[in-house]
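Trainee: The structure follows.
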Amino acid sequence: MIRHALFALVVASSSVLASGMAAAAPTGTPCALLTALTIPTVTITAATDVAAGAFTPPGAQTALTVPTFCRVEAIARPTSDSEIRFEVWIPPAASWNGKFQGVGNGGYQGSISYGAMATAVRRGYATASTDTGHAGDDMRFGQGHPEKLVDYGHRAIHVMTESAKLIVRNAAGRFAERSYFVGCSAGGQQALSEAQRYPDDYDGIVAGDPANNRIRQTFGFLASWVATHDADGKPIIPPAKLALLTRSAVAACDAIDGLEDGLIDDPRRCSFDPATVACTSSVDDAACLTAPQVAAAKKMYEGTRHPRTGELIFTGWPRGSEGFGDLASQGWRQYILDPVAPMRADFFRYWLFHDPNGNFRTIDFDRDLAYAEHKLPFLAAVDKDLTAFKKRGGKLLSYTGWMDPVVPPQDTVAYYEGVTTTMGGPAATRDFYRLFMAPGMGHCAGGPGPNQFDALGALEQWVEKGIAPDALVATHRTDGKVDRTRPLCPYPLVARHKGTGSIDEAASFSCVSATPRP
5 MIRHALFALV VASSSVLASG MAAAAPTGTP CALLTALTIP TVTITAATDV AAGAFTPPGA
65 QTALTVPTFC RVEAIARPTS DSEIRFEVWI PPAASWNGKF QGVGNGGYQG SISYGAMATA
125 VRRGYATAST DTGHAGDDMR FGQGHPEKLV DYGHRAIHVM TESAKLIVRN AAGRFAERSY
185 FVGCSAGGQQ ALSEAQRYPD DYDGIVAGDP ANNRIRQTFG FLASWVATHD ADGKPIIPPA
245 KLALLTRSAV AACDAIDGLE DGLIDDPRRC SFDPATVACT SSVDDAACLT APQVAAAKKM
305 YEGTRHPRTG ELIFTGWPRG SEGFGDLASQ GWRQYILDPV APMRADFFRY WLFHDPNGNF
365 RTIDFDRDLA YAEHKLPFLA AVDKDLTAFK KRGGKLLSYT GWMDPVVPPQ DTVAYYEGVT
425 TTMGGPAATR DFYRLFMAPG MGHCAGGPGP NQFDALGALE QWVEKGIAPD ALVATHRTDG
485 KVDRTRPLCP YPLVARHKGT GSIDEAASFS CVSATPRP
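FYI, the numbering for the sequence shown is 5 to 522, going by the numbering used here.
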């Protein structure tokens, strides 16, 4: 392990002598000299000072606004088939907050998350990100490369973290006082994987909309695509009708929580039936759903079940997530309806069966699911025993949107409830792990509900001062202007209006126990 390895602290030779006399050793190593740092299996390829102002990442068209920092580029090769590229950004001593932040990726992204790094360094953090050991989003990188799959699954983030801590120590002359990880979607999966597999890596972890149930989610994508496409691969539900479903679901379920605010508070309490907007004639009208469209929508809500036992393999997508806003990513289009084949079908072709010509329609949801979970367990992060993370004092803050059309929020809740059972009950779990649900929020952000909040700031207070977050104040903006604030409550508490005050002001709400679901 890197943490046990010897490493060289490079000292600038020009600082050794001054006016013919020995000078005191500097507190850290100048940026340009960090290339001489020795870490087993890691090569530092470049170390350069970046001036404050505009920084354009490699291959990008848009510049990021950054403060002054030292940019370190490196490659880790923990196995003979690994090539994990990562970067570490380190602020100068005067502006460093003394802390380190690892940032996550999205999807099967094989690229460094420069935007997240810029956000971290602007907050005063030393930060690191990795391409997870491959380039691009093409899943063929794993064909015949099992070690690269492990790198992507979890090893790359861990290796990046340990290496970055050493690099920061050499640059600053001391180790970071605290370490945090922040990620959403695939980054949320990486966050939970760190808590489960490498509990000593981080003091605090933010896991947003975590795609941690990755194997079953892939089977869920497959089942949902088949349910919503005809034999020729044409979508059964036209994209134009997704907004109809969302409007109808919200109209049916908005007031369940006692407040008409245009949001479904908890889609699990919503029993909207798409048959209520079925066409009354054989004409396919834009304002109604045909019988096949009704059936397809119902299958999206119901989820994927085991063909033999009837067990739920992967939850369905929540009512209200069908189509909202003007972006294709806000709804079922991007991951379900628009793709010409099931999203991540290459998982089966290149990772599971190594058959580029394989027919995804022949996948057996009994035999093949069991095989996938046996062969590729490192791709998921579903271990509910977080004893080691809790014992070392780690804090985990997770959040997700109740309208998420990519990672169904029901699955995130099921994981939290599983951890609660495993760890000895709600009180024992709240001590170190809290989940915040955001009504009306999409995947990681966006949506008609308040969806912007400072999860990291709340986590810092919890880790560093022992102040556990009892609520996150979220905001919603239209044209850049805040038009609604609302508290997000630690699950299973929910925000309820006090009876007085504006429904657009967080102060008008309190976190209370939810009434039992019907």
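Positions of the beta carbon are idealized from the N, C-alpha and C atoms, including for glycine.
Note that the coordinates shown come from a computational prediction; the quantities given were computed from them, not determined experimentally.
Going straight from the alpha carbon of residue 10 to that of residue 42, what length do you get?
Mentor: Because the pLDDT of residue 10 is 35, which lies under 50, any placement of that residue in the model is unreliable, and the question is left without a value.
Trainee: Tell me whether the region 130-137 and the region 48-67 touch, counting them as touching only if at least three CB pairs, one residue from each stretch, are closer than 8 angstroms.
Mentor: These segments do not touch.
Trainee: On the three-state DSSP scale, how would you describe residue 514?
Mentor: Correct three-state label for residue 514: strand.
Trainee: Could you tell me which whole beta strand (DSSP E) segments of length 3 or greater appear in the region 278-325?
Mentor: Listed in chain order, the complete beta strand (DSSP E) runs (minimum 3 residues) inside the region 278-325 are 316-318.
Trainee: What number of angstroms, rounded off, separates the C-alpha of residue 218 from the C-alpha of residue 383?
Mentor: Looking at the two C-alpha atoms, the distance is approximately 7 angstroms.
Trainee: What are the start and end residues of each continuous beta strand (DSSP E) run of 3 or more residues lying completely inside the region 162-200, in chain order?
Mentor: DSSP runs (the beta strand (DSSP E)) wholly in the region 162-200: 182-188.
Trainee: DSSP state of residue 411, grouped into three classes?
Mentor: Coil at residue 411, not helix or strand.
Trainee: Three Cβ pairs or more, each shorter than 8 angstroms: is that satisfied between the region 190-200 and the region 283-291?
Mentor: Because the criterion of three Cβ pairs below 8 angstroms is not met, the region 190-200 and the region 283-291 do not touch.
Trainee: Measure the CB-CB distance between residue 128 and residue 95 and report whether it falls below 8 angstroms.
Mentor: Yes.
Trainee: Would you kindly check if the distance between the Cβ of residue 223 and the Cβ of residue 318 is under 8 angstroms?
Mentor: Yes, they are a contact pair.
Trainee: Are at least three pairs of beta-carbons, each pair with one atom in the region 238-253 and one in the region 203-222, less than 8 angstroms apart?
Mentor: No, the region 238-253 does not touch the region 203-222.
Trainee: Taking 8 angstroms as the threshold, find out whether the region 409-419 comes into contact with the region 450-458 through three or more Cβ pairs.
Mentor: No, the region 409-419 is not in contact with the region 450-458.
Trainee: Can you tell me whether DSSP reads residue 26 as helix, strand or coil?
Mentor: With a pLDDT of only 41 at residue 26, under 50, the local geometry of the prediction cannot be trusted, and no value is derived from it.
Trainee: From the DSSP secondary-structure annotation, give me the bridge partner or partners of residue 328.
Mentor: Answer is none; residue 328 lacks a bridge partner.
Trainee: Taking Cβ to Cβ, would you say residue 497 is nearer than 8 angstroms to residue 517?
Mentor: For residue 497 and residue 517, yes; Cβs fall inside 8 angstroms.
Trainee: Quick check: residue 189 and residue 111, are their CB atoms within less than 8 angstroms of each other?
Mentor: Contact: yes.
Trainee: Less than 6 angstroms between C-beta atoms, sequence neighbours within five positions excluded: which residues of the same chain meet that for residue 157?
Mentor: So the qualifying residues of the chain are 382, 383.
Trainee: Quick check on the DSSP output: the alpha helix (DSSP H) that includes residue 495 runs from which residue to which?
Mentor: Run containing residue 495: none; DSSP gives neither H nor E here.
Trainee: Between 467, 472, 483, 506, which lies nearest to residue 184 when the distance is taken from Cα to Cα?
Mentor: The residue with the shortest Cα to Cα distance from residue 184 is 467.
Trainee: What is the rounded straight-line gap between the Cα of residue 36 and the Cα of residue 54?
Mentor: For residue 36 and residue 54, the distance between alpha carbons rounds to 11 angstroms.
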